[in-house]
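Residue numbers (the working numbering): 8 to 92.
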């Protein structure tokens, strides 16, 4: 019988410098990622035209494994649940 190790989940925070909601989201993402062992990436919409075109009205945006999870406000319990599932 082969056992596979659980895969590392990835949380991506899309935002921009000077965004207070992004700062709030960053704190929640960091806390939940530390608790769950998820990897965290940050992307600046000012450095990526495709991200800018797609998300500029929604930042901060949080992706879980590349899929949009939420935007504007990050709910800690909801993010934790998504990472557990």
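Glycine is no exception: its CB is placed at the ideal position from the N, C-alpha and C atoms.
Let's see if you can read the secondary structure: which residues bound the alpha helix (DSSP H) around residue i?
i, result
"residue 61", "56-62"
"residue 85", "83-91"
Looking at the structure shown, is residue i part of a helix, part of a strand, or coil, going by DSSP?
i, result
"residue 43", "helix"
"residue 66", "coil"
"residue 33", "helix"
Verify whether the separation of the beta carbon atoms of residue i and residue j is less than 8 Å.
i, j, result
"residue 90", "residue 39", "yes"
"residue 42", "residue 87", "yes"
Check for me: the beta strand (DSSP E) holding residue i runs from which residue to which?
i, result
"residue 17", "17-22"
Quiz item: When the Cβ atoms of the region 55-65 are set against those of the region 28-36, are three or more pairs found closer than 8 Å?
Solution: In short, these stretches do not touch, since the Cβ pair count stays below three.
Quiz item: Is the number of C-beta pairs between the region 12-29 and the region 69-89 that are closer than 8 Å three or more?
Solution: Contact holds: three or more Cβ-Cβ distances are below 8 Å.
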